[in-house]
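Note that the sequence shown ends on residue 255 in this note's numbering; no numbers are left out. Cβ atoms here follow ideal geometry from the backbone N, Cα and C, with glycine treated the same way. A quick note: this is a predicted structure, and the numbers were derived from the prediction, not measured. Heads up: the structure comes next, in C-alpha coordinates.
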Amino acid sequence: LDLIQNAIDMDQAAMETELAFGTPDSYKRAEIIYQEGGNSKSYAAVTLDEALKTDLPKGSVIMGENEAGEVVSGRAMDQFFTGDKVIHVQYDTTSDQANHVSCRVGGLVGSSTDPLFDGCLIESGSLETTVGDVKNSLSYTYDREVNNDNNRTLAGFSLVAEERMHRCDNCPYMDFKIFYDYYGEFDYAHQYAMACFGSTSTNFPNGNADFKDYDYDGRTQIIKKTTA
(Lines of atoms letter the chains of each structure in order from A; the text may use other names.)
(Lines give C-alpha, C1' and ligand atoms only; values in the text may rest on other atoms or scores of the structure.)
Protein backbone atom coordinates (compact mmCIF):
# COMPACT_ATOMS: atom_id res chain seq x y z
CA LEU A 28 0.00 0.00 0.00
CA ASP A 29 1.27 3.49 -0.83
CA LEU A 30 1.65 6.22 1.75
CA ILE A 31 -1.44 8.05 0.51
CA GLN A 32 -3.56 4.98 1.19
CA ASN A 33 -1.82 4.27 4.49
CA ALA A 34 -2.76 7.80 5.58
CA ILE A 35 -6.34 6.57 6.01
CA ASP A 36 -5.11 5.35 9.42
CA MET A 37 -5.01 9.01 10.42
CA ASP A 38 -8.69 9.38 9.55
CA GLN A 39 -9.45 6.32 11.65
CA ALA A 40 -7.57 7.81 14.60
CA ALA A 41 -9.30 11.19 14.26
CA MET A 42 -12.71 9.52 14.06
CA GLU A 43 -11.99 7.37 17.12
CA THR A 44 -10.93 10.47 19.07
CA GLU A 45 -14.40 11.94 18.51
CA LEU A 46 -16.17 8.66 19.27
CA ALA A 47 -14.42 8.47 22.64
CA PHE A 48 -16.19 11.61 23.87
CA GLY A 49 -19.52 9.79 23.58
CA THR A 50 -21.80 12.78 22.96
CA PRO A 51 -24.26 13.65 20.16
CA ASP A 52 -21.96 16.41 18.90
CA SER A 53 -18.83 14.26 18.96
CA TYR A 54 -20.64 11.47 17.13
CA LYS A 55 -21.65 13.93 14.43
CA ARG A 56 -18.04 15.08 14.10
CA ALA A 57 -16.91 11.44 13.91
CA GLU A 58 -19.44 10.75 11.17
CA ILE A 59 -18.23 13.75 9.16
CA ILE A 60 -14.63 12.49 9.37
CA TYR A 61 -15.82 9.00 8.36
CA GLN A 62 -17.58 10.39 5.29
CA GLU A 63 -15.35 13.31 4.28
CA GLY A 64 -11.87 12.23 5.41
CA GLY A 65 -9.06 14.69 6.00
CA ASN A 66 -5.74 12.93 5.43
CA SER A 67 -5.74 10.78 2.30
CA LYS A 68 -5.60 12.03 -1.31
CA SER A 69 -5.96 15.68 -0.32
CA TYR A 70 -6.98 18.00 -3.13
CA ALA A 71 -8.17 21.56 -3.71
CA ALA A 72 -11.27 22.27 -5.80
CA VAL A 73 -10.50 25.72 -7.21
CA THR A 74 -12.70 27.97 -9.34
CA LEU A 75 -10.89 29.59 -12.25
CA ASP A 76 -11.43 33.26 -13.07
CA GLU A 77 -11.65 32.24 -16.72
CA ALA A 78 -12.63 28.85 -18.13
CA LEU A 79 -9.89 26.59 -19.47
CA LYS A 80 -8.87 27.49 -23.01
CA THR A 81 -7.26 24.09 -23.61
CA ASP A 82 -7.67 20.61 -22.14
CA LEU A 83 -5.76 19.83 -18.94
CA PRO A 84 -4.81 16.13 -18.89
CA LYS A 85 -4.94 14.08 -15.71
CA GLY A 86 -1.58 14.14 -13.95
CA SER A 87 -0.48 17.49 -15.39
CA VAL A 88 1.94 19.33 -13.09
CA ILE A 89 0.35 22.29 -11.29
CA MET A 90 2.29 24.77 -9.16
CA GLY A 91 0.98 27.46 -6.81
CA GLU A 92 1.74 29.12 -3.47
CA ASN A 93 0.59 28.85 0.13
CA GLU A 94 -0.23 31.72 2.49
CA ALA A 95 3.48 32.13 3.30
CA GLY A 96 4.42 32.50 -0.35
CA GLU A 97 6.05 29.06 -0.47
CA VAL A 98 5.72 26.77 -3.47
CA VAL A 99 2.86 24.26 -3.41
CA SER A 100 3.10 21.45 -5.95
CA GLY A 101 0.37 19.17 -7.19
CA ARG A 102 -1.19 17.52 -10.20
CA ALA A 103 -4.49 17.55 -12.04
CA MET A 104 -6.54 14.89 -10.27
CA ASP A 105 -8.70 14.17 -13.32
CA GLN A 106 -8.93 15.07 -16.98
CA PHE A 107 -10.30 18.59 -17.35
CA PHE A 108 -11.60 19.99 -20.60
CA THR A 109 -11.77 23.26 -22.49
CA GLY A 110 -14.55 25.31 -20.93
CA ASP A 111 -14.22 23.87 -17.41
CA LYS A 112 -14.12 26.48 -14.64
CA VAL A 113 -13.52 24.18 -11.65
CA ILE A 114 -10.43 21.97 -11.48
CA HIS A 115 -9.16 19.63 -8.78
CA VAL A 116 -5.51 19.93 -7.77
CA GLN A 117 -4.24 16.89 -5.87
CA TYR A 118 -1.41 17.89 -3.54
CA ASP A 119 1.94 16.14 -3.95
CA THR A 120 3.11 13.94 -1.07
CA THR A 121 6.38 12.99 0.62
CA SER A 122 7.68 9.62 1.83
CA ASP A 123 7.13 10.50 5.51
CA GLN A 124 3.68 9.16 6.39
CA ALA A 125 3.20 11.37 9.46
CA ASN A 126 3.94 14.46 7.35
CA HIS A 127 3.14 13.10 3.91
CA VAL A 128 1.05 16.13 2.93
CA SER A 129 0.84 19.56 4.55
CA CYS A 130 -2.76 20.25 3.56
CA ARG A 131 -5.10 18.11 5.64
CA VAL A 132 -8.58 19.57 5.91
CA GLY A 133 -11.72 17.77 4.67
CA GLY A 134 -13.86 16.63 7.59
CA LEU A 135 -11.32 17.71 10.21
CA VAL A 136 -12.67 21.28 10.34
CA GLY A 137 -14.38 21.75 13.70
CA SER A 138 -13.07 18.47 15.13
CA SER A 139 -10.61 17.77 17.95
CA THR A 140 -7.96 17.00 15.32
CA ASP A 141 -6.90 20.38 14.00
CA PRO A 142 -6.80 20.70 10.22
CA LEU A 143 -3.43 21.56 8.70
CA PHE A 144 -3.40 24.49 6.28
CA ASP A 145 0.37 25.09 5.99
CA GLY A 146 0.66 23.37 2.62
CA CYS A 147 -2.72 24.39 1.21
CA LEU A 148 -3.00 26.71 -1.75
CA ILE A 149 -3.59 30.37 -0.94
CA GLU A 150 -7.28 31.27 -1.28
CA SER A 151 -6.79 33.59 -4.24
CA GLY A 152 -3.84 33.33 -6.54
CA SER A 153 -2.36 31.98 -9.74
CA LEU A 154 -1.55 28.43 -10.79
CA GLU A 155 1.09 27.45 -13.33
CA THR A 156 0.17 24.36 -15.34
CA THR A 157 2.58 22.34 -17.45
CA VAL A 158 1.34 20.18 -20.33
CA GLY A 159 4.28 18.78 -22.27
CA ASP A 160 6.54 21.79 -22.72
CA VAL A 161 3.67 24.31 -22.65
CA LYS A 162 3.09 26.36 -19.51
CA ASN A 163 -0.05 28.35 -18.72
CA SER A 164 -1.08 30.65 -15.89
CA LEU A 165 -4.56 30.28 -14.35
CA SER A 166 -6.00 32.74 -11.83
CA TYR A 167 -8.35 31.17 -9.29
CA THR A 168 -10.20 31.51 -5.99
CA TYR A 169 -11.49 28.99 -3.44
CA ASP A 170 -12.34 28.62 0.26
CA ARG A 171 -9.57 26.69 1.97
CA GLU A 172 -11.87 25.37 4.74
CA VAL A 173 -14.64 24.27 2.37
CA ASN A 174 -12.87 23.35 -0.87
CA ASN A 175 -9.91 21.32 0.41
CA ASP A 176 -11.31 17.82 0.23
CA ASN A 177 -10.17 14.21 0.15
CA ASN A 178 -10.54 11.67 -2.61
CA ARG A 179 -10.09 8.71 -0.27
CA THR A 180 -12.24 8.29 2.85
CA LEU A 181 -13.19 5.54 5.27
CA ALA A 182 -16.71 5.49 3.85
CA GLY A 183 -15.37 5.31 0.32
CA PHE A 184 -13.88 1.84 0.72
CA SER A 185 -17.39 0.42 1.05
CA LEU A 186 -19.08 2.82 -1.38
CA VAL A 187 -16.80 1.74 -4.26
CA ALA A 188 -16.88 -1.97 -3.39
CA GLU A 189 -19.34 -2.82 -6.17
CA GLU A 190 -17.07 -1.30 -8.81
CA ARG A 191 -13.76 -2.57 -7.45
CA MET A 192 -14.67 -5.92 -5.92
CA HIS A 193 -17.70 -7.13 -7.89
CA ARG A 194 -17.74 -5.68 -11.41
CA CYS A 195 -14.00 -5.49 -12.04
CA ASP A 196 -11.88 -7.82 -14.20
CA ASN A 197 -11.65 -11.35 -12.74
CA CYS A 198 -14.27 -10.40 -10.14
CA PRO A 199 -16.10 -10.88 -7.89
CA TYR A 200 -13.66 -11.29 -5.03
CA MET A 201 -14.81 -14.47 -3.35
CA ASP A 202 -14.62 -13.09 0.20
CA PHE A 203 -16.66 -10.06 -0.85
CA LYS A 204 -19.21 -12.24 -2.65
CA ILE A 205 -19.90 -14.17 0.56
CA PHE A 206 -20.85 -10.96 2.38
CA TYR A 207 -22.80 -9.58 -0.59
CA ASP A 208 -24.79 -12.78 -0.98
CA TYR A 209 -25.72 -12.64 2.71
CA TYR A 210 -26.44 -8.92 3.22
CA GLY A 211 -27.75 -8.28 -0.30
CA GLU A 212 -26.11 -4.86 -0.54
CA PHE A 213 -22.78 -3.91 -2.11
CA ASP A 214 -22.17 -1.16 0.47
CA TYR A 215 -23.32 -3.26 3.42
CA ALA A 216 -20.40 -2.07 5.60
CA HIS A 217 -21.26 1.59 4.99
CA GLN A 218 -24.93 1.00 5.74
CA TYR A 219 -23.99 -0.85 8.93
CA ALA A 220 -21.72 1.99 10.07
CA MET A 221 -24.27 4.69 9.27
CA ALA A 222 -27.01 2.87 11.17
CA CYS A 223 -24.70 2.69 14.16
CA PHE A 224 -23.77 6.37 13.91
CA GLY A 225 -27.46 7.27 13.78
CA SER A 226 -28.64 4.81 16.42
CA THR A 227 -31.06 3.26 13.92
CA SER A 228 -31.45 -0.17 12.32
CA THR A 229 -30.19 -1.70 9.09
CA ASN A 230 -32.51 -2.93 6.34
CA PHE A 231 -30.81 -5.99 4.84
CA PRO A 232 -32.46 -9.20 3.62
CA ASN A 233 -30.36 -10.99 6.27
CA GLY A 234 -28.28 -10.10 9.30
CA ASN A 235 -30.04 -6.91 10.39
CA ALA A 236 -28.97 -5.01 13.49
CA ASP A 237 -30.94 -2.49 15.55
CA PHE A 238 -28.76 0.02 17.40
CA LYS A 239 -31.51 2.08 19.07
CA ASP A 240 -30.86 0.59 22.51
CA TYR A 241 -27.05 0.59 22.32
CA ASP A 242 -25.17 3.06 24.50
CA TYR A 243 -22.23 5.09 23.20
CA ASP A 244 -19.65 2.56 24.40
CA GLY A 245 -21.31 -0.26 22.49
CA ARG A 246 -21.83 1.76 19.33
CA THR A 247 -18.25 3.04 19.46
CA GLN A 248 -16.84 -0.48 19.51
CA ILE A 249 -19.05 -1.53 16.59
CA ILE A 250 -18.13 1.51 14.48
CA LYS A 251 -14.42 1.03 15.15
CA LYS A 252 -14.56 -2.61 14.07
CA THR A 253 -16.79 -1.93 11.06
CA THR A 254 -14.53 0.79 9.68
CA ALA A 255 -11.07 -0.52 10.58
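Check	Outcome
Extract the residue ranges of the beta strand (DSSP E) inside the region 82-170, only unbroken runs of 3 or more that lie entirely within it.	88-92, 98-103, 113-118, 151-158, 161-168
With distances taken from CA atoms, which of A72, E45, A71, P51 is nearest I60?	E45
Could you tell me which residues DSSP puts in a beta bridge with T74?	V113, T168
From which residue to which residue does the beta strand (DSSP E) around D176 run?	175-177
Quick check on this structure: which residue in S166, V173, F108, A216 has the alpha carbon closest to the alpha carbon of R131?	V173
Alpha carbon to alpha carbon, how far is T229 from G91? Give it in angstroms, no decimals.	46 Å
What's the gap between the Cα of M192 and the Cα of T120?	27 Å
What are the boundary residues of the alpha helix (DSSP H) that includes P51?	51-63
Would DSSP call T253 helix, strand or coil?	helix
Three or more C-beta pairs under 8 Å: does that hold for the region 202-213 against the region 84-100?	no
Among the residues of its own chain, which have a CB less than 7 Å from the CB of F98, if the five just before and after it don't count?	Checking the sequence, you will find Val at residue 98 rather than Phe. M90, E92.
Go to G183, then tell me how far its alpha helix (DSSP H) extends in each direction, as first and last residue.	181-186
Enumerate in chain order the residues of its own chain whose CB-to-CB distance from M42 is below 6 Å, with the five nearest sequence positions on each side excluded.	A57, I60, Y61
How would you call Q117, buried or exposed, if buried means at least 16 neighbouring beta carbons within 10 angstroms?	buried
Quick one: grab the DSSP three-state call for D237.	strand
Does the region 65-75 touch the region 161-180, meaning 3 or more C-beta pairs lie closer than 8 Å?	yes
Going straight from the alpha carbon of C147 to that of P232, what length do you get?	45 Å
What does the Cβ neighbour count give for C223, buried or exposed, with the cut at 16 atoms within 10 Å?	buried
Rounding to the nearest angstrom, what Cα-Cα distance links S153 and E63 in this structure?	27 Å
In whole angstroms, what is the alpha-carbon distance linking G159 and M221?	45 Å
Spatial neighbours of G234 within its chain, please: C-beta separation below 8 Å, excluding the five flanking residues on both sides.	Y209, Y210
State the CB to CB distance for the pair L186 and D214, rounded to an integer number of angstroms; the pair is presumed to be in contact (CB under 8 Å).	5 Å
Taking Cβ positions, are E155 and S164 nearer each other than 8 Å?	yes
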